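Notes to accompany the following structure.
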Amino acid sequence: MNKGTAIVGFLLCFIAGMGLMWSIDRSAGSRGHEVATSVDDGQPWSDEDAAIPVSSKDPMWGSRTAPVTMVVFSDFECPFCTRVETTINQLKEKYGPDKLRVIWKNNPLPFHKNARPAALAAETVFRLGGSKAFWKFHELAFQNQKSLTPANFEAWAAEAGVDKAKFKAAYDRQEYMAKIDADMAVGKSSGVTGTPASIINGVFLSGAQPIDKFTSVIDEQLKAAQAAVASGTKPDKVYAKLAAENKAKAPPKQDRERPQEDDKTVWKVPVGDAPAKGPATALVTIVEWSDFQCPFCSKVVPTMDELVKTYGDKIRFVWKNNPLPFHQRAEPAAELAMEARAQKGEKGFWDAYDLLWKNQQKLNDEDLLGYAKELGLDVEKVKAAIATKKHGASIAADQELADDLQASGTPHFFINGRRLVGAQPIDKFKTIIDEEIKKAEGLLAKGVAAKDLYAEIIKDGKEPPPPERKEVAPPAPNSPWKGGEKAKVVMQVFSDFECPFCKRVEDTVSQISKTYGDKLKIVWRHRPLPMHKNAPLASEAAQEAYAQKGNAGFWAYHEVLFKNQGQPEAFSRASLEKYAEEQGLDMTKFKKALDTNTHKAFVDAENSVADKAGISGTPAFVVNGYFISGAQPFSKFKKLIDKAMKEAGETAPAAARADAPKKPAGAVQPAAAPAAPAAPK
Numbered sequence: 013m014n015k016g017t018a019i020v021g022f023l024l025c026f027i028a029g030m031g032l033m034w035s036i037d038r039s040a041g042s043r044g045h046e047v048a049t050s051v052d053d054g055q056p057w058s059d060e061d062a063a064i065p066v067s068s069k070d071p072m073w074g075s076r077t078a079p080v081t082m083v084v085f086s087d088f089e090c091p092f093c094t095r096v097e098t099t100i101n102q103l104k105e106k107y108g109p110d111k112l113r114v115i116w117k118n119n120p121l122p123f124h125k126n127a128r129p130a131a132l133a134a135e136t137v138f139r140l141g142g143s144k145a146f147w148k149f150h151e152l153a154f155q156n157q158k159s160l161t162p163a164n165f166e167a168w169a170a171e172a173g174v175d176k177a178k179f180k181a182a183y184d185r186q187e188y189m190a191k192i193d194a195d196m197a198v199g200k201s202s203g204v205t206g207t208p209a210s211i212i213n214g215v216f217l218s219g220a221q222p223i224d225k226f227t228s229v230i231d232e233q234l235k236a237a238q239a240a241v242a243s244g245t246k247p248d249k250v251y252a253k254l255a256a257e258n259k260a261k262a263p264p265k266q267d268r269e270r271p272q273e274d275d276k277t278v279w280k281v282p283v284g285d286a287p288a289k290g291p292a293t294a295l296v297t298i299v300e301w302s303d304f305q306c307p308f309c310s311k312v313v314p315t316m317d318e319l320v321k322t323y324g325d326k327i328r329f330v331w332k333n334n335p336l337p338f339h340q341r342a343e344p345a346a347e348l349a350m351e352a353r354a355q356k357g358e359k360g361f362w363d364a365y366d367l368l369w370k371n372q373q374k375l376n377d378e379d380l381l382g383y384a385k386e387l388g389l390d391v392e393k394v395k396a397a398i399a400t401k402k403h404g405a406s407i408a409a410d411q412e413l414a415d416d417l418q419a420s421g422t423p424h425f426f427i428n429g430r431r432l433v434g435a436q437p438i439d440k441f442k443t444i445i446d447e448e449i450k451k452a453e454g455l456l457a458k459g460v461a462a463k464d465l466y467a468e469i470i471k472d473g474k475e476p477p478p479p480e481r482k483e484v485a486p487p488a489p490n491s492p493w494k495g496g497e498k499a500k501v502v503m504q505v506f507s508d509f510e511c512p513f514c515k516r517v518e519d520t521v522s523q524i525s526k527t528y529g530d531k532l533k534i535v536w537r538h539r540p541l542p543m544h545k546n547a548p549l550a551s552e553a554a555q556e557a558y559a560q561k562g563n564a565g566f567w568a569y570h571e572v573l574f575k576n577q578g579q580p581e582a583f584s585r586a587s588l589e590k591y592a593e594e595q596g597l598d599m600t601k602f603k604k605a606l607d608t609n610t611h612k613a614f615v616d617a618e619n620s621v622a623d624k625a626g627i628s629g630t631p632a633f634v635v636n637g638y639f640i641s642g643a644q645p646f647s648k649f650k651k652l653i654d655k656a657m658k659e660a661g662e663t664a665p666a667a668a669r670a671d672a673p674k675k676p677a678g679a680v681q682p683a684a685a686p687a688a689p690a691a692p693k
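Take 13 as the starting number for the sequence shown in this note's numbering and just add one per residue.
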């Protein structure tokens with residue numbers, strides 16, 4: 013061998029060795045190519061033979077052949093999952109996509125009511141747009157964790173590059189829900205009982221651990237991967253090999269995981285005046301929250317029928333309405349069933365119940381009126397009930413109770429107060445029912461009257477947690493406000509003019525203002541977020557409008573800022589001056605205020621108030637100490653405002669006490685149906 017050949021050979025070996033050890037530091041540029049390397053969506057792949065199976069059916073960040081695979085079981089509504097997201101982003105930066113691969117698995121917890129809908133939305137985005145779209149949606153969902161609503165899902169899907177109409181159609185059909193259940197099954201078999209849970213090449217890390225915990229495992233696995241490849245393992249088989257080895261060495265599940273809430277926990281679930289089948293003296297009471305348009309609810313109907321047939325008078329079946337917002341025909345169907353009850357009693361309700369399930373795919377207005385005729389109901393009264401949402405208050409009360417009990421999604425059951433989620437097999441129901449029958453018979457033997465049996469069973473049951481509260485420093489004298497100056501209830505609005513979710517909630521705030529009038533004082537608190545570079549100056553401009561023209565000046569300027577949000581250069585200095593001129597402000601004073609940052613100290617102080625109170629995102633609201641986060645629907649606000657008013661010894665105005673909201677355009681309209689103020693739905 014000559015000298016030149018030897019040198020070339022040495023260089024080739026050196027380069028190969030460098031590649032083998034994945035020692036090229038790519039972290040400096042990882043942010044720049046993060047999306048580009050998120051996944052090869054065009055080529056199906058599978059590690060289904062691994063201890064924790066993953067495949068191209070899972071959202072992936074990083075390279076298919078990365079030596080370390082981190083499978084993250086997470087929940088979009090879990091606050092601890094939000095914390096670990098920061099750590100995961102730091103890990104992506106540190107190791108880059110050639111060393112680290114991140115796989116997402118859904119694990120929505122049952123007591124997070126918005127987690128499963130959010131998971132379904134994210135899965136739908138992934139199926140329609142691939143991993144690039146998924147990670148964008150994922151980012152938006154965690155940034156706005158308190159605003160997980162169907163309307164936001166649609167907006168985020170579109171922002172992620174997915175066709176909005178296709179998304180909505182697939183989401184409404186719950187087309188990809190099975191994948192969520194499959195992820196949860198994988199998690200359960202892998203020992204996942206809570207979120208977040210990260211499994212790194214088979215090594216289990218529970219919770220939002222410090223980054224050092226993650227890096228320690230990853231560094232160890234990089235060395236193990238290097239050794240595996242050196243001994244002949246192909247790069248795309250490293251994950252399966254190491255995951256199997258690490259899982260075999262793992263401690264027993266009970267040693268590493270804190271168990272979830274025992275399924276024998278009894279909740280205090282009131283029956284109230286809900287439709288019921290079976291005697292009030294039954295040994296077992298089953299309360300179901302359901303939705304006439306939900307495909308999973310329809311699957312459990314034969315199960316409930318079989319249980320009633322099997323146990324007879326030993327069980328009482330109670331119905332609670334929970335029409336989900338993305339099932340547009342569920343609420344009108346519920347109105348029909350409740351109106352059937354109003355006209356023909358319990359039998360009328362259950363006859364309607366049977367007919368609606370039989371025809372679940374046909375719930376348009378004309379279909380519902382046809383069923384009303386078939387049931388022998390007064391069709392005009394049914395038409396009016398649907399149009400005016402006659403039973404809206406009752407339906408909303410059921411939904412509020414579900415919210416209190418953390419009964420997210422449908423179907424959702426409580427069997428003598430014990431939670432059971434989803435369309436479970438009949439044996440699951442029978443196991444709990446048989447246990448509860450024995451318990452009830454024991455109470456009867458001790459002298460408890462049959463009529464008092466259910467009340468006795470749930471009397472010491474777990475009650476809903478109280479609403480979240482925040483201690484917030486009182487508004488400064490120069491804080492803009494509207495409503496009643498001396499109102500006993502004050503709603504403080506922490507908002508950011510550049511935040512799209514703050515803009516979205518403005519219509520709701522206007523509805524609240526109109527509904528409660530002088531009984532409520534609404535105070536604006538500036539909260540420009542650091543990622544919105546133009547928001548601080550916009551806040552200063554609005555505060556100058558207040559300084560010149562008081563509340564009227566502020567709210568007029570506030571309105572034009574939100575109106576123009578999203579337009580090019582909407583918050584540029586020139587645009588802010590243009591709005592001020594249109595509002596008739598003194599431009600010399602206005603320009604000087606912005607030049608010298610006259611109101612910066614005030615805006616910064618308002619931001620500090622939010623920081624001290626633990627208010628990190630926008631929009632956020634504090635109603636006499638009760639905290640509401642995100643662009644929530646009117647009903648969420650109404651519930652806490654009414655509670656605050658009651659505690660303050662105040663009576664809510666007539667508009668807030670109305671039972672029936674106005675019917676949206678396009679729905680069935682009764683003859684000369686009177687318009688009614690809005691109410692929660």
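Note that CB positions come from ideal geometry on N, CA and C, so glycine has one too.
Quick caveat: nothing in here was measured; it's all calculated off a predicted structure.
- Query: Is V615 near E552, with beta carbons less than 7 Å apart?
  - Reply: yes
- For K276, does the three-state DSSP call read helix, strand or coil? coil
- To which residues of the same chain is G173 closer than 8 Å at the C-beta, ignoring the five residues directly before and after it? G141, K144, A145, K148
- Item | Expected contact under 8 Å - CB spacing of I398 and L336 to nearest Å | Not quite, the Cβ-Cβ distance comes to about 18 Å (not below 8 Å), so this is no contact.
- Item | Whole-Å CB distance - Y188 paired with L132, under 8 Å assumed | 7 Å
- Task: Have a look at I212, D175, R185 and flag the residue whose alpha-carbon is nearest the alpha-carbon of L103.
- Result: I212
- Backbone CA spacing between K176 and A632 [nearest angstrom]: 27 Å
- For R139, three-class secondary structure by DSSP: helix
- Grouping DSSP H, G and I as helix and E and B as strand, with all else coil, what is R430? strand
- Query: What are the boundary residues of the beta strand (DSSP E) that includes G495?
  - Reply: 493-495
- Terminal residues of the alpha helix (DSSP H) in which T94 lies: 91-107
- Item | Secondary structure of N619, DSSP reduced to three states | helix
- Query: If K603 and E589 are in contact, beta carbons under 8 Å, what's the gap, nearest whole angstrom?
  - Reply: 7 Å
- Reduced DSSP secondary structure (H/G/I, E/B, other) of L112: strand
- Task: Tell me, to the nearest whole angstrom, how far the beta carbon of V296 is from that of I445; I am working on the premise that it is less than 8 Å.
- Result: 5 Å
- Task: Would you list the residues sitting across from P503 in a DSSP beta bridge?
- Result: Here the sequence assigns Met to residue 503, which means Pro is not the residue at that position. M503 pairs with I534, V635.
- Would you kindly work out how many angstroms separate the C-alpha atoms of M5 and I438, rounded to a whole number? Past the boundaries of the shown model lies residue 5; the chain is included only from 13 to 693, so the question cannot be answered.
- Taking C-beta to C-beta, are A182 and T136 nearer than 7 Å? yes
- Query: Taking the alpha-carbon positions, what's the Q577 to W536 distance?
  - Reply: 18 Å
- Message: Here's the rule I'm using: 16 or more other beta-carbon atoms within 10 Å means buried, otherwise exposed. How should S587 be labelled?
- Response: buried
- Task: Buried or exposed for S67, please, with buried defined as at least 16 other CB atoms from any protein chain shown within 10 angstroms of its CB.
- Result: exposed
- Query: Looking at V330 and A262, is the spacing between their C-beta atoms short of 7 Å?
  - Reply: no
- Reference V502; option with closest CA among V312, L532, A153, Y558: L532
- Query: From this set, V83, E257, C309, which residue's C-alpha is nearest A209's C-alpha?
  - Reply: V83
- For the segment 183-227, which segments carrying the beta strand (DSSP E) assignment without a break, of at least 3 residues, lie completely within its bounds, in sequence order? 209-212, 215-218
- Query: Roughly how many angstroms separate the alpha carbons of A485 and S525, rounded to a whole number?
  - Reply: 22 Å
- Item | Boundaries (first-last residue) of the beta strand (DSSP E) holding E556 | Not the beta strand (DSSP E): E556 falls in the alpha helix (DSSP H), residues 547-576.
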